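K.L.:
Numbering (my numbering), first residue to last: 46 to 554.
My questions all concern the structure below.
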Amino acid sequence: MSAPTLRLILGDQLSLANPVLVNADPKRDWILLAEVSEEASYVPHNRHKIVLIFSAMRHFSAELRERGFKVIYRSFEEGVPSLYAAAEAGLKESSAQAVLVTAPGEHRLLVDMQSWESKLGVTVLLQEDDRFLASRDDFESWASGRKQFRMEYFYRDMRRRYRLLLNEEREPEGGKWNYDAENRGGWRAQITVPERPAVAIDDITREVIALVDQCFSSNPGDLSQFRLAVTAAGAQSQLDWFCEHALRDFGNYQDALAEESPWMFHGLISMYLNIGLLEPLAVCEQVEAAWRDGHCSLAAAEGFIRQILGWREYVRGIYWHAMPGYAERNTFEAKRALPPWFWTADTDMRCLSQALSQSLELGYAHHIQRLMVIGNFALLAGLDVTEVCQWYLAVYVDAFEWVELPNTLGMALHGDHGLMASKPYAASGKYIQRQGNHCKACRYDPKQTTGEGACPYNSLYWHFIDRHQDYLTKNARMGLIVGAWKKRDASYRKAIVDWGDRILATVLD
Ligand code: FAD
Ligand code: DLZ
Ligand code: SF4
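Dropping the structure here:
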């Protein structure tokens, strides 16, 4: 029998398909999972995220033991400082001769792990994370020779490769690759948002909640509202519920904003995909089957599959393609300090206050809230790119840098000179008014641009266009807007820019 190996499983690698488990010999090898302070505190993670990860790790280790594996589990109370320290102690305890780990999803940890072999004095093997549908090499071959990356073309290749939503001629079902135009409905409370099913909280989760309450008391997150699944079976029930009750309306209201619901008809599955409780291809296949069985429209199924097969894989490709320099990019040299109310949601801007408060309390906001309410505000106000990215990494339960950074720095803040998205997602209050029903109850008026009571998004939008006109003119679509702006009377423009300055000096306190 060859020498035992120590197989380290990280808190976001909790699936039986994890490559380090595939060839593991339960009689010979040791599995290591560790709750460590370095991972739990490199940003002030939302408490929901820490509970989710610790509880899911504890459930997963119990499952591995039931399957006959020898598991070393370090709980947070033991005070292990880092994954390196856990591996070092784990080697002594197990007498293993090598460490095997699936490559982490964050660059900082990958760099750290690359130094382990020389420090530990044993072989440290980093396996490729094959839980994604495009490997890093796949993305590089797709990207090579292209001047511009556009998700749509990547997505079409992925549809062909995985034969999703294709007809017998291997053409897209319904004759179109993309039904985005049918996914942009606004919200006027036309229908009732279905009640989400409760998730049972067992003793393990209860214990973790008590621990996190005590040790992370100043982090965001209201744990009395904890409602996440912590096992693969629990995550699957959430997905089943979504396919039965919400997928049907996901398409129509994908881009909508609602006063009465934080999640509307969204899947609420990103955290499960990201930590290994759900598998992306199986999710896409289940959604395709729901469409084929008549449970939803093609537009709904295509819209949902596009997010997972397209966007999720694309952003991961961009991250590894462009790191480490990516995190330093800042197209607009945005440096204004993040206002303290990003951590309290205490602002009169109704749409923003609601998006911030649910992000802080629940660790969740849907895509349009992240992009067009919070991200758009940060873009227009020129908030510091690094601070904004750190905020996103901290507050969301599904946040890991490989997915958070391209979405925030690239898509929302356009900090990467358009590598990720063809134009900045900048919009005035008019867009938010069209997409939802927040404005009615807001103290600001989305129809006004200047003066007391004018919606701050409006003057800040034109302030952004004005201060970055040289850059924006080079973009075909933004160029038209800059052209129209420049044709306006100088005194008209000055009044709006002055009002924008005033907003920046007052609202951002
Ligand atoms: P649904 O709307 O139901 O979508 C289904 C699934 O598609 C999601 O679960 C997710 O896995 C995937 N998906 C959708 N859009 C994207 C996208 N742009 N990138 C990657 N996957 C996508 N997603 C994260 O998983 N972690 C993050 O840290 C994160 N940060 C974001 C930051 C910003 C500024 C923006 C604009 C988007 C961010 N997203 C992030 C993408 C997206 O907003 C979330 O995946 C989604 O809101 C999760 O909720 P859901 O499961 O209900 O998604
Ligand atoms: C996010 C997180 C947290 C809060 N805690 C742990 C932990 O204690 N142990 C662990 O193995 N992983 C944790 N994680 C997930 C890691 O931060 C994640 O694996 C890396 O960020 C790479 O994606
Ligand atoms: Fe948001 Fe402006 Fe509408 Fe208020 S008026 S909810 S700030 S878009």
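Beta carbons are placed, not taken as given, at the ideal position from N, Cα and C, and that holds for glycine.
Quick caveat: nothing in here was measured; it's all calculated off a predicted structure.
Assuming contact is defined by CB atoms lying nearer than 8 Å, are Tyr502 and Ser473 in contact in what I supplied?
P.N.:
Yes, these two residues count as a Cβ contact at 8 Å.
K.L.:
Find the nearest neighbour of Leu211 within the set His483, Ala346, Thr453 and Leu425, judged by alpha-carbon distance.
P.N.:
It is Ala346 whose Cα lies nearest to the Cα of Leu211.
K.L.:
With DSSP as the reference, identify every bridge partner of Thr50, one or two as the case may be.
P.N.:
In DSSP, Thr50 forms a bridge with Ala143.
K.L.:
Closest to Glu162 by CA distance: which of Glu151, Val146, Arg153 and Phe177 is it?
P.N.:
Per the Cα distances, Val146.
K.L.:
Beta strand (DSSP E) containing Gln172: first to last residue?
P.N.:
Thr168 to Gln172 is the extent of the beta strand (DSSP E) around Gln172.
K.L.:
Is any non-hydrogen atom of the ligand DLZ found closer than 7 Å to the C-beta of His90, if you look at the structure I gave you?
P.N.:
Checking the Cβ of His90 against the ligand DLZ gives yes.
K.L.:
Report yes if the C-beta of Ile413 is less than 7 Å from at least one heavy atom of the ligand SF4; otherwise report no.
P.N.:
Flag unset: Cβ of Ile413 not near the ligand SF4.
K.L.:
By a C-beta neighbour count over all protein chains shown, 10 Å radius and 16 as the cutoff for buried, is Tyr489 buried or exposed?
P.N.:
By the neighbour-count rule (16 or more Cβ atoms within 10 Å), Tyr489 is buried.
K.L.:
Mark Arg395 as exposed unless 16 or more other C-beta atoms lie within 10 angstroms of its C-beta, in which case mark it buried.
P.N.:
Arg395 should be labelled buried.
K.L.:
For Glu173 and Ala69, what's the separation of their Cα atoms in angstroms?
P.N.:
Their Cα atoms are separated by approximately 16 Å.
K.L.:
Tell me whether Glu84 is buried or exposed, calling it buried when 16 or more other Cβ atoms sit within 10 Å of its Cβ.
P.N.:
By the 10 Å Cβ count, Glu84 comes out buried.
K.L.:
Which ranges would you report for the alpha helix (DSSP H) in the segment 417-468 if only whole runs of at least 4 residues count?
P.N.:
Entirely contained in the segment 417-468, the alpha helix (DSSP H) runs reaching 4 residues are, in chain order, 421-426, 430-440 and 446-450.
K.L.:
Which whole-angstrom value describes the C-beta separation of Gln352 and Leu313, a residue pair presumed to lie in contact below a C-beta threshold of 8 Å?
P.N.:
Not a contact, Cβ separation roughly 13 Å.
K.L.:
Grab me the residues of Leu59's own chain with a C-beta within less than 6 Å of its C-beta, minus the 5 sequence neighbours each way, in chain order.
P.N.:
Answer for Leu59: Ala101, Phe105, Ile320 and Gly321, listed in chain order.
K.L.:
Based on Cα-Cα distance, which residue from Leu383, Lys468 and Pro307 lies nearest to Gln414?
P.N.:
Out of Leu383, Lys468 and Pro307, Pro307 has the C-alpha closest to the C-alpha of Gln414.
K.L.:
Any heavy atom of the ligand FAD closer than 7 Å to the beta-carbon of Ala456?
P.N.:
It should be noted that the sequence gives Met, not Ala, for residue 456. Yes, Cβ of Met456 sits closer than 7 Å to a heavy atom of the ligand FAD.
K.L.:
Starting from Leu28, trace the beta strand (DSSP E) both ways and give me its first and last residue.
P.N.:
This structure cannot speak to residue 28, because the chain is shown only from 46 to 554.
K.L.:
Give me the Cα-Cα distance between Lys485 and Tyr298, rounded to the nearest whole angstrom.
P.N.:
Their Cα atoms are separated by approximately 19 Å.
K.L.:
Would the C-beta of Pro265 count as close to the ligand SF4, meaning under 7 Å from any of its heavy atoms?
P.N.:
No, the beta carbon of Pro265 sits no closer than 7 Å to any heavy atom of the ligand SF4.
K.L.:
Restricting to Cα atoms, I'd like to know which of Tyr129, Gly498, Thr250 and Ala400 is closest to Val156.
P.N.:
Minimum Cα distance to Val156 is reached at Tyr129.
K.L.:
Say yes only if the C-beta of His104 is nearer than 7 Å to one or more non-hydrogen atoms of the ligand SF4, and no if none qualify.
P.N.:
No, the ligand SF4 has no heavy atom inside 7 Å of this Cβ.
K.L.:
Could I get the ranges of all uninterrupted alpha helix (DSSP H) runs contained in the segment 217-266, with 4 residues as the minimum, in chain order?
P.N.:
Within the segment 217-266, the complete alpha helix (DSSP H) runs of at least 4 residues are 248-260.
K.L.:
Compute the Euclidean distance between the alpha carbons of Ala558 and Asp534, then round it to the nearest angstrom.
P.N.:
For residue 558 there is no data in the structure shown, the boundaries of the chain being 46 and 554.
K.L.:
For the putative contact between Ile76 and Arg52, defined by C-beta atoms under 8 Å, what is the C-beta separation to the nearest angstrom?
P.N.:
At roughly 5 Å, the Cβ-Cβ gap stays under 8 Å, so Ile76 and Arg52 are in contact.
K.L.:
The ligand SF4 and Gly498: does the residue's C-beta get closer than 7 Å to at least one heavy atom of that ligand?
P.N.:
Result no, Cβ not under 7 Å from the ligand SF4.
K.L.:
Once DSSP output is grouped into helix, strand and coil, what is the label at Leu209?
P.N.:
Leu209: coil per DSSP, three-state reduction.
K.L.:
Around the ligand SF4, which residues pass a check of Cβ closer than 7 Å to any of its heavy atoms?
P.N.:
The filter returns Met394, Arg395, Cys396, Leu397, Gly474, Ile477, Gln478, His483, Cys484, Cys487, Tyr489, Asp490, Pro491, Cys500, Pro501 and Tyr502, in chain order.
K.L.:
Enumerate, from N- to C-terminal direction, the unbroken alpha helix (DSSP H) stretches of 4 or more residues contained entirely within the segment 461-537.
P.N.:
For the segment 461-537, whole alpha helix (DSSP H) runs of length 4 or above, ordered along the chain, are 474-480, 501-512, 514-518 and 521-532.
K.L.:
Among Asp546, Leu256, Ala379 and Gly266, whose alpha-carbon lies nearest the alpha-carbon of Gly124?
P.N.:
Per the Cα distances, Leu256.
K.L.:
Do the CB positions of Gly355 and Met203 come within less than 8 Å of each other?
P.N.:
Closer than 8 Å, so yes.
K.L.:
Quick one: does Ser160 have its CB under 8 Å from some CB of chain C?
P.N.:
Among the chains of the structure shown, chain C does not appear; only one protein chain is present.
K.L.:
Just curious, the alpha helix (DSSP H) that Gln353 is in, first and last residue?
P.N.:
The sequence as given places Ile at residue 353; Gln does not occur at that position. Taken as a continuous stretch (DSSP letters only), Ile353 belongs to no alpha helix (DSSP H), as it is neither H nor E.
K.L.:
For the beta strand (DSSP E) holding Ile117, just list the boundary residues, first then last.
P.N.:
Ile117 -> beta strand (DSSP E) spans Lys115 to Arg119.
K.L.:
Please classify Ile477 as buried or exposed, where buried requires at least 16 neighbouring CB atoms within 10 angstroms.
P.N.:
So Ile477 counts as buried.
K.L.:
In terms of residue numbering, what span does the alpha helix (DSSP H) encompassing Glu333 cover?
P.N.:
Glu333 -> alpha helix (DSSP H) spans Pro325 to Arg337.
K.L.:
Determine the DSSP secondary structure at Leu302, reduced to helix, strand or coil.
P.N.:
Residue state, collapsed to three classes: strand.
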